[in-house]
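Peer 1:
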Amino acid sequence: MTDGTRIERLCRPTATRLRSSLVIPSLPQVLTELAHNALDAGATRIECWVNLVPGDESARLEDDGHGIGLEDLGIVGQRYSTSKETEGWSGNGVYGFRGEALASIAALSLMEISSREPDGETYSKIVRNGQTIYLGKARHDLGRAQGTTIFVRDLFHAIPVRRASLAAAPASSLTACRQAIEALVLVAPKVRWTLWEDKLGGMRKALHWGGGKNSTEAFRGIYGHASVERVLKIRVSSGDRRMDGFISLEGAFTKAHQHLYINGYSVASSELRKLIERRFAASQFSALSNNLDDGSAAPTKKRPSPRRLERFPVYVLNISLPSSEVDAAYDARKSTIGYKQQPGRTRAFVIAVIDDFLRKNGFGVPRCGTDSPVPSPSKPLSPRQSGRSSTAIPEEREPNPARRLFLLSYRLGSVTPNALDSPPAGDDTLEPEADKPLDDQDSVPMPETEPFSIEELLKTSGQVITRTRTFEERDDEEPTTYVTSWLPPVPSDMKFTHQSITSATVLPQVDRKFVPCVMLAEDHSKAQPKALVVIDQHAADERVAVEQILDALNEGFARNDILVTELGEGLVRVVLTRQEMAALETPGVREVVRRWGIGLDDTVASKGEYTQVNATCVPKLLDARLGRKNPTELTRLLRLYLPELADHISEIQVLTMVLDRGTRDRAHSWASVQRWMPQEMVELANSKACRGAIMFEDRLDTDQCERLVGQLGAARNPWICAHGRPTLAPLTLIPQYRPPARRPIDWAAWKRKHFEQPRPSAV
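With the first letter of the sequence shown counted as 1, position 710 gets the number 691 in the numbering used here; the numbers rise by one all the way through.
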């Protein structure tokens, strides 16, 4: 090369470590890969142990699969050695096919494998840094007729950054390990699963599933019956494509229980997952009343706040695709699936199933949703099929009174069935494979619909999938208004700073809506041009108010002395699900919730899957909303915050320790605390600031305008209001006035010339 350096190959140990660190980035991935091997070996019982004691981190997995013989054990752990399918890379039927998982684990740790085939002896192999230390007969018998035990220690010993990260947050690592096993339980529900936490105080069972028939039973066994009291089982096939699982008829506050699998691989983020999300969001499913206290889960004419309308589907779906269409080796961790060909057919298949679920259960079908397949040219859509009447007026569907809904009564703290001549609660099934049509299923009464055929929809799958809009596109070249047509354009590189706002020249209020100012701007030149700027008085005051509220809450959390409003005994009661209650009982969680000003006593009342907890206090700044006897806001806050808090309790505990010692500066502490503030608390602060801010048509004198602009300049983020609207807008540049250059005038000479006559000379 021109600078004298040469390109050299990485040494083999470095290259191996780099490759292995991509395949095995974390301890949960170790458990996932080991469990995949166990499932491929036909295991019916898989038991895992994790030890997260700093300095002694380890993982162990036992299974009752068919085991490994001595000859095969000799090449186990060598890269690119596998007993699985080596062609296709589909992952259809098996998980391992690259021969990299055990080799990568062995390159990053000390790995010991003990295995026994049926009617055979127990053999052992020990590998460290990719080098075999021992291979032969095991010192101890396996203790069961067949199977394999893999013990991993000193993980990431050669990567200090990852080892430090693993030791810094053991609770978060345990949560991630549990979630990894939960994802496998849902896709392999017939296997018996157990996850143990091995800690200094002894063993603790973090997860147990004794095996069942399907993913519905597994979901209820892990997470409880909440949100899945009524589900529609999915068993649909179309040619060489198949979908199995269930979709709940109820919604949830979060997307935490949306599990999508492709050929058994858990897909965290993909186009298919986004497609399902868009179909539900465009239907009436997401627009149902989500007020937990009104006893209604049907479409409502009353339009509450948009936050009340957020309702996300709960589902577990496993899509099986032919090996010729799937590339499971697209990503080293197998978390992203690639499609080799015909992705449009798969999308159309998913759309058909989701739309039939929505139509069958009275949620309507997206009328102009995105990613909808092109209709067949030979069969135009009728008004009924298109979801619109002949007069193009949307048809309002009446709620179905016969559907059995389990509703939470927050005033009484109980679970009450709300049914009118309804069948007993259970699971419904969507089975196009059966002889009877889809709409002949007698499990859920539904509005009358047109017959539905997945095969008919898939006839158009070869066509291009179009993306339509639900609104009319606007012409980008709109004519300018009277306000802006005569103003010169503002340069795009102009910038304003906090100093620009604080040093602005404030002018009188305009139209009782805006505060005009003259501000110094910054551009690429050395000169500081002046600009005429208008400030939205409501947005500016809202920004000032919301930062004052958030500052008070963050300071109260940092000092652990947040102001609270005490509630009467038994006045406010919150109902939590079994999973949410388990998160609340996680060590340290209740203390963090109390630090935010929310007190929950230990007196609880349980009934089935739900538990009632009494709230004793709420933050004083938000008591008008959180302290209501009907605790919709408080329930929403806890349901959204508790799972996140339980997952990251170690990080938050480290933060509170630092805050209590007072070793961080105020600005750094504010940002760190704000990160862990409950999102619902932030939204309530935004709402309070908006309602109490200066409104349009409020008259402001010059002093009030100057005070408002000064407060805005002192804000951390003065550019947008609490809801994201801009607080100010530049109108035009003010040209700099330069007086014309002129020669000085000799007025005395001018006077002599014009007014003083020369005296006549004497003769």
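Glycine included, each C-beta is placed from N, C-alpha and C at the ideal position.
So, helix, strand or coil for W651, using DSSP?
Peer 2: If DSSP states are grouped into helix, strand and coil, W651 belongs with the helices.
Peer 1: From the DSSP output, in three-state form, read off C598 for me.
Peer 2: Looking at C598 - three-state DSSP - the assignment turns out to be strand.
Peer 1: So what's D179 in DSSP terms, helix, strand or just coil?
Peer 2: Strand, per DSSP.
Peer 1: For a quick check, are the C-beta atoms of P716 and V514 less than 8 Å apart?
Peer 2: Not in contact: P716 and V514 (Cβ atoms no closer than 8 Å).
Peer 1: Give me the Cα-Cα distance between L256 and L640, rounded to the nearest whole angstrom.
Peer 2: Using only the alpha carbons, I get a separation of about 43 Å.
Peer 1: Taking buried to mean at least 16 other C-beta atoms within 10 Å of its own C-beta, is L54 buried or exposed?
Peer 2: So L54 ends up on the buried side.
Peer 1: Would you check if the stretch 698 to 714 and the stretch 675 to 685 touch, i.e. whether three or more CB-CB distances between them fall below 8 Å?
Peer 2: With the cut-off at 8 Å, the stretch 675 to 685 and the stretch 698 to 714 do not touch.
Peer 1: My output table needs one value for T372: the three-state DSSP class, helix, strand or coil.
Peer 2: Unreliable positioning characterises T372 in this predicted model, as indicated by a pLDDT of 32, which lies under 50. The coordinate reading is nonetheless provided below. Residue state, collapsed to three classes: coil.
Peer 1: Helix, strand or coil: which one does DSSP assign to G202?
Peer 2: Reduced to three states, the DSSP call for G202 is helix.
Peer 1: Pop quiz: L621 and E590 are said to be a contact at Cβ under 8 Å. What is the actual Cβ separation, rounded to whole angstroms?
Peer 2: Wrong, their Cβ atoms sit about 19 Å apart, outside the cutoff.
Peer 1: Tell me the start and end of each unbroken beta strand (DSSP E) in the stretch 19 to 103 that is at least 3 residues and wholly inside, in chain order.
Peer 2: Correct list: 26 to 32, 39 to 44, 91 to 97.
Peer 1: Does M638 come out as helix, strand or coil in the three-state DSSP assignment?
Peer 2: In this structure, M638 counts as helix in the three-state DSSP scheme.
Peer 1: Where does E802 land, buried or exposed, given buried means 16+ other C-beta within 10 angstroms?
Peer 2: For the chain, the structure presents residues -18 to 744; residue 802 sits outside this window and is missing.
Peer 1: Leaving out the 5 sequence neighbours to the left and right, which residues in its chain are closer than 8 Å to I701 when beta-carbon positions are compared?
Peer 2: Once the five neighbours on either side are set aside, the close Cβ partners of I701 are A520, R524, P707, T708.
Peer 1: Quick check on C158: does DSSP put it in helix, strand or coil?
Peer 2: The answer is helix: DSSP assigns C158 an H, G or I state.
Peer 1: In terms of residues, what are the limits of the alpha helix (DSSP H) holding S481?
Peer 2: Unbroken alpha helix (DSSP H) run through S481: 479 to 483.
Peer 1: Apply the 10 Å Cβ neighbour rule to D684 and answer buried if 16 or more other Cβ atoms are within range, or exposed otherwise.
Peer 2: The residue is exposed, with fewer than 16 neighbouring Cβ atoms inside 10 Å.
Peer 1: Can you name, in chain order, every residue of its own chain whose Cβ lies under 7 Å from the Cβ of R201, other than the five neighbours on each side?
Peer 2: Taken in chain order, the residues that qualify are V209.
Peer 1: Answer yes or no: do L548 and K601 have a C-beta to C-beta separation smaller than 8 Å?
Peer 2: No, they are not a contact pair.
Peer 1: Rounded to the nearest angstrom, what separates R(-2) and F344 at their Cα positions?
Peer 2: Roughly 52 Å between the two C-alpha positions.
Peer 1: Just grab the DSSP bridge partners of V217 for me.
Peer 2: Paired residues: M224.
Peer 1: A596 to V331, Cα distance in whole Å?
Peer 2: Computed Cα separation, rounded: 43 Å.
Peer 1: What residues in its chain sit with their C-beta under 6 Å from that of C(-8), if we drop five residues either side in the sequence?
Peer 2: Within the same chain, C(-8) has no close Cβ partners at all.
Peer 1: Entirely within the stretch 122 to 150 and at least 4 residues each: give me those alpha helix (DSSP H) ranges in chain order.
Peer 2: The stretch 122 to 150 contains these whole alpha helix (DSSP H) runs: 141 to 149.
Peer 1: Count the other CB atoms, across all protein chains shown, that sit within 10 Å of the CB of P99; report buried if there are 16 or more and exposed otherwise.
Peer 2: Label assigned to P99: exposed.
Peer 1: State the start and end residues of the unbroken alpha helix (DSSP H) segment that holds L621.
Peer 2: From DSSP, the alpha helix (DSSP H) with L621 extends over 613 to 628.
Peer 1: What does the alpha-carbon distance come out to for the pair D402 and V555?
Peer 2: With a pLDDT of 36 at D402, under the threshold of 50, the modelled position of this residue cannot be trusted; read the value that follows with caution. One C-alpha to the other measures close to 30 Å.
Peer 1: In three-state terms, what does DSSP make of R284?
Peer 2: Residue placement at R284 cannot be trusted, given a pLDDT of 47 that sits under 50; what the coordinates show is reported in the next sentence. In this structure, R284 counts as coil in the three-state DSSP scheme.
Peer 1: Taking the DSSP output, what are the residues bridged to H189?
Peer 2: Bridge partners of H189: T175.
Peer 1: Looking only at C-alpha atoms, which of L15, R260, K494 sits nearest to L83?
Peer 2: Cα-wise, what sits closest to L83 is L15.
Peer 1: Hey, is the stretch 162 to 179 in contact with the stretch 124 to 131, meaning 3+ C-beta pairs nearer than 8 Å?
Peer 2: Contact fails: fewer than three Cβ-Cβ distances are below 8 Å.
Peer 1: Please report how far the alpha carbon of R559 lies from the alpha carbon of R617, in whole angstroms.
Peer 2: Cα to Cα, the separation comes out at about 15 Å.
Peer 1: Using the DSSP secondary-structure output, state which residues sit across from R554 in a beta bridge.
Peer 2: Answer is N595.
Peer 1: Looking at the secondary structure, which residues open and close the alpha helix (DSSP H) in which V570 lies?
Peer 2: 570 to 576 is the span of the alpha helix (DSSP H), which, as asked, contains V570.
Peer 1: If we require 4 or more residues per run, which alpha helix (DSSP H) segments fall completely within the stretch 511 to 557?
Peer 2: The qualifying runs are 518 to 540.
Peer 1: If you count every other CB in all the chains shown that lies within 10 Å of the CB of H735, and 16 or more means buried, which is it?
Peer 2: Exposed, since its Cβ has fewer than 16 Cβ neighbours within 10 Å.
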